[in-house]
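Just so we're aligned: the sequence shown equals residues 1 to 575 in full-length UniProt numbering. The beta-carbon is built from N, C-alpha and C at its ideal position, and this holds for glycine as well.
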Amino acid sequence: MSQFLIEQVRYMHEEIELIEKAIAELIEDKVKNNKKHIFYDYCINYLVEKIQNKSKQLVEIYNDEDNLKKEEMQFISGKTNEDNNDVWKNYYERIKYIKDYHKKTNIKKTEIRSYKSYKNEALKNNKLKSSFSPLEKKGKYIDMTKHYDEFINIKKVKEFRINMFKKKNNLNNPGAGKNQKETSDGKKKNNNTPSLDDFKEMDLITYLNNFTRFYYIPRYCKYKNDEYKKYLENLLNYLTSFFSKINILGNWEKTYEQYENKFKELFQNKEIKHWECFTYDLNSYCKINDKLYASEGTYQGYLKSKKYDEEFKKYMKKKYSVEELQQIKDEIEKEDELIAKYEYLIENYKILLNKIFQKTIQNIQRKQAFTIEEIEKRQKNEKKIKINDHLLSISDDIINNNNIINNIENILNPNSIISSSDYDTSDLGSEIDDNEGQNDEENEEDENKTIYNPLNLPLGHDNKPIPYWLYKLHGLSKEYKCEICGNYSYFGRAAFEKHFYEWRHSFGMKCLNIPNTLHFKEITKIEDALNLYEKLKKETQTVQFKPDHEVECEDSKGNVMSIKAYDDLKRQGLL
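Okay, here's the thing in C-alpha cells:
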C-alpha cells in the first residue's frame with residue numbers, strides 16, 4: 001500500500017521499538033541458558049542488523065536529499081498552491097486514492113506484528129550454523145587440523161626436528177642404527193637401537209599444546225622462509241576470524257588493534273623475547289649470500305669453503321651503494337618485525353581462546369577412548385538429528401503453504417485483521433531453540449549426566465570413575481601427607497613421588513629458604529628438612545676449599561709456607 005512518508009517513518013520507529021523488546025527478552029533467555037550464549041548472541045546480532053538497516057533508512061528520509069518529505073509536508077498542510085489553502089481538498093483526494101488502491105489490489109489481510117514475532121524470526125534465521133564448520137560445533141571447539149598439516153610439512157622446520165631426533169638418539173654416527181644381528185634364517189634382528197625410521201611426527205594433541213612455543217624453532221628456520229610465514233599468516237587469520245565469530249557482539253577489531261599497538265611498543269623497545277636483535281646482527285648471518293646459518297660452526301665452515309670465495313667475488317662485482325645496503329637492511333627489519341608480530345599476536349589469541357583449546361583437547365582425547373559400540377551409537381544419533389532437521393524443513397514448507405491458502409481464504413472473506421500475536425508463537429522460539437541445541441545436548445550427554453561414584457574413585461580420561469581393581473593396583477587408597485606443602489594429601493605412591501618436583505612443594509621449600517634438591521626427596525616434615533639442611537651446611541663447610549690455609553707458596557730460598565703467611569711477609573718486606 002502506498003503510504004505517506006511520515007507514516008512509513010512512524011511504522012519504522014514502531015518496528016525498532018518492538019525489535020528492542022525482542023532483544024531484551026533474548027538477553028534474559030541468554031542469562032538463563034548460559035551454555036547457548038553464542039546461539040543467543042547470533043539471534044541478537046540478527047535483530048541488531050535489522051535495527052541498523054531501518055535506522056539508515058530513517059536517516060536518509062530525515063536528510064531529505066530528494067525533497068520528498070518537504071513536498072509531503074506541504075501537501076498535508078495544504079500549501080501546494082501559494083494562493084489557496086487546500087488542506088481539505090488534499091485530505092479527500094488522499095482518501096479517494098487509498099480507497100481506489102485497495103479496490104484494485106484486493107488487500108483484505110492486515111498483519112500487526114508483535115515483538116515475539118521478531119524474536120521467533122531471529123531464533124529461526126540466525127547465521128550460527130553457516131558461520132562454523134561441522135568440527136567447530138557452533139563455536140564449542142576449534143578446528144586446527146588444516147594448520148597442523150601445514151606446520152608438519154614446513155620443510156626447514158621438519159628437517160630441524162629430524163636433526164634433533166638424530167642428536168637425541170646419537171644417529172649422526174655412521175654405525176648408529178646398524179646394531180642388528182642376523183638370525184639363522186638370514187633375517188635381521190633389531191637390537192632395540194633407534195633408527196631414523198623410528199622418527200614420528202607429533203600428533204594433533206601435542207601440536208595444540210605446543211604450537212605457540214615459537215622459541216623452540218631456531219631463527220634460521222624462520223628467516224626468508226615463505227612456507228613458515230604463510231603458515232603464521234593463515235593461523236593468525238583463522239584465530240582472529242574464530243574469535244570474531246564467537247564474540248559477534250563484541251568489538252574484536254579493537255582487541256586486535258590494542259594487541260598490535262602493544263606489539264609495536266615492545267618491539268621498538270626490544271622487549272620481545274628472542275627478537276631483541278635483527279637477523280643481520282646475529283653472528284651466524286652472512287651478508288654475502290644473505291643467509292642465516294644454523295650455528296656459528298656451520299658459518300665458519302662456509303667461510304673456509306670455495307663456495308664462499310666464488311660468492312664473495314660475485315658480491316664485490318655488484319658494488320652496492322650505501323643506499324642499497326641500507327635498503328637491504330630495511331627489508332630484513334620489516335620481515336623480522338612481521339614474523340615477530342604474527343608470533344606475538346598468535347600467542348595472545350591462544351591465551352584468549354585457552355578454554356576452547358582445552359575443551360578441544362579433551363574432546364579429541366575422549367573420542368580416541370571411544371569403543372566401537374560408542375562410535376556406532378554416536379553415528380546413529382547423528383543420523384537421527386539429520387532426519388529431524390530434514391523433517392523440520394519439510395514442516396516449514398507445509399506451514400508456508402498453509403499460510404498461502406489462509407491468505408486466499410482471507411481475500412474471499414470480508415475485512416479481516418489478523419495480528420501476529422493471535423498465533424500461539426510462544427512455543428516456536430523454544431522449539432527452534434531446542435532443535436538448535438539438540439546436537440550439542442546429545443554430544444554432551446556423557447558429560448552432563450550425574451556420575452554414580454559412591455566410592456569417590458578418581459575420574460579417567462572419559463570423565464568416568466576408574467575401575468576399583470585399578471584403584472587398588474596403583475595404591476590410590478593410601479594417603480600421603482606433606483607438612484611442607486601445608487598438610488596437603490596425595491593419594492597413591494606415584495602422585496606422592498611426583499609432587500616433590502611440582503610447584504606446591506617447591507614453593508614450600510622456598511618459604512623455608514631451603515633449595516629443593518635431591519637431598520630432600522622423601523622429606524615431608526618441616527623440622528626434618530631444617531635439620532638436614534643444617535647438617536648439609538656443616539658438611540660443606542668442612543669439605544670447603546680454604547685458599548688461605550691450603551694454598552702453599554715457596555720463596556726464593558725454597559721455604560714453603562701458606563699463601564696467607566707469604567702475603568704477610570711480602571707486605572713487611574722480609575722476602
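If you draw a straight line from the alpha carbon of residue i to that of residue j, how long is it in whole angstroms?
{"i": "T542", "j": "C553", "result": "23 angstroms"}
{"i": "L530", "j": "F520", "result": "10 angstroms"}
{"i": "residue 576", "j": "E311", "result": "The chain is shown from 1 up to 575; residue 576 falls before or after that span and cannot be answered."}
{"i": "G492", "j": "K498", "result": "10 angstroms"}
{"i": "E333", "j": "F267", "result": "11 angstroms"}
{"i": "K140", "j": "Y259", "result": "24 angstroms"}
{"i": "K464", "j": "W252", "result": "38 angstroms"}
{"i": "Y488", "j": "K30", "result": "40 angstroms"}
{"i": "K314", "j": "I162", "result": "34 angstroms"}
{"i": "N354", "j": "Q362", "result": "12 angstroms"}
{"i": "L569", "j": "S305", "result": "58 angstroms"}
{"i": "I364", "j": "D281", "result": "43 angstroms"}
{"i": "K224", "j": "K264", "result": "21 angstroms"}
{"i": "E201", "j": "Y216", "result": "16 angstroms"}
{"i": "F370", "j": "R378", "result": "10 angstroms"}
{"i": "L476", "j": "K359", "result": "27 angstroms"}
{"i": "G297", "j": "Q326", "result": "28 angstroms"}
{"i": "T105", "j": "R113", "result": "21 angstroms"}
How many whole angstroms separate the CB atoms of residue i and residue j, which I take to be in contact at a CB cut-off of 8 angstroms?
{"i": "I23", "j": "I44", "result": "6 angstroms"}
{"i": "I356", "j": "I142", "result": "5 angstroms"}
{"i": "L232", "j": "Y342", "result": "4 angstroms"}
{"i": "I346", "j": "L236", "result": "5 angstroms"}
{"i": "Y101", "j": "L47", "result": "About 32 angstroms separates the two Cβ atoms, so there is no contact after all."}
{"i": "F211", "j": "F151", "result": "7 angstroms"}
{"i": "L58", "j": "V9", "result": "6 angstroms"}
{"i": "residue 576", "j": "N513", "result": "Residue coverage of the chain in this structure runs from 1 to 575, which leaves residue 576 outside it and unanswerable."}
{"i": "L128", "j": "K138", "result": "6 angstroms"}
{"i": "K525", "j": "E483", "result": "5 angstroms"}
{"i": "Y480", "j": "F500", "result": "With 8 angstroms as the limit, Y480 and F500 do not qualify as a contact, their Cβ atoms being about 11 angstroms apart."}
{"i": "F199", "j": "F165", "result": "5 angstroms"}
{"i": "N33", "j": "H147", "result": "Not confirmed; about 32 angstroms, so no contact."}
{"i": "residue 645", "j": "Y468", "result": "Past the boundaries of the shown model lies residue 645; the chain is included only from 1 to 575, so the question cannot be answered."}
Enumerate in chain order the residues of its own chain whose CB-to-CB distance from residue i is below 6 angstroms, with the five nearest sequence positions on each side excluded.
{"i": "D41", "result": "I248 and L249"}
{"i": "L428", "result": "Since pLDDT at L428 reaches only 47, below the 50 mark, its modelled position is unreliable, and the value read off the structure follows with that caveat. Cβ neighbours of L428 beyond the five flanking positions: N120."}
{"i": "Y115", "result": "L18, K21 and A22"}
{"i": "F214", "result": "E343"}
{"i": "E441", "result": "Low confidence applies to E441: its pLDDT is 49, below 50, so where it sits in the model is not reliable enough to give any reading."}
Leaving out the 5 sequence neighbours to the left and right, which residues in its chain are closer than 8 angstroms to residue i when beta-carbon positions are compared?
{"i": "Y293", "result": "Y220, S284, Y285, C286, Y299 and Y302"}
{"i": "E72", "result": "F4, L5 and I6"}
{"i": "S556", "result": "L575"}
{"i": "L532", "result": "H519, F520 and I523"}
{"i": "F132", "result": "K138, G139 and K245"}
{"i": "S55", "result": "I16"}
{"i": "I339", "result": "K222, Y228, K229 and L232"}
{"i": "D548", "result": "S562, I563 and K564"}
{"i": "K270", "result": "E276 and C277"}
In the structure shown, what three-state DSSP assignment does residue i receive?
{"i": "E552", "result": "strand"}
{"i": "Y488", "result": "strand"}
{"i": "Y141", "result": "coil"}
{"i": "P465", "result": "strand"}
{"i": "S506", "result": "helix"}
{"i": "Y223", "result": "coil"}
{"i": "N407", "result": "With a pLDDT of only 47 at N407, under the threshold of 50, the placement of this residue in the model should not be trusted; the figure read from the coordinates follows. Looking at N407 - three-state DSSP - the assignment turns out to be helix."}
{"i": "L574", "result": "coil"}
{"i": "G292", "result": "The question names Gly, but residue 292 in the sequence shown is Leu. Looking at L292 - three-state DSSP - the assignment turns out to be strand."}
{"i": "residue 590", "result": "Outside the modelled stretch of the chain, which goes from 1 to 575, sits residue 590, for which no answer is possible."}
{"i": "M202", "result": "coil"}
{"i": "Y118", "result": "helix"}
{"i": "C482", "result": "strand"}
{"i": "S241", "result": "helix"}
{"i": "S55", "result": "helix"}
{"i": "L459", "result": "strand"}
{"i": "I432", "result": "Bear in mind that a pLDDT of 49 at I432, under 50, signals an unreliable position, so the model cannot answer this."}
Which residues in the same chain as residue i place their Cβ atom closer than 7 angstroms to its Cβ, once the five residues preceding and following it in sequence are excluded?
{"i": "K291", "result": "none"}
{"i": "I51", "result": "I16 and I19"}
{"i": "E337", "result": "F267"}
{"i": "N348", "result": "Y259"}
{"i": "Y11", "result": "none"}
Minimum length 4: unbroken alpha helix (DSSP H) runs contained in the segment 124 to 169: 128 to 131, 145 to 152 and 155 to 168
Ordered list of alpha helix (DSSP H) runs contained in the segment 308 to 358, each at least 4 residues: 322 to 352
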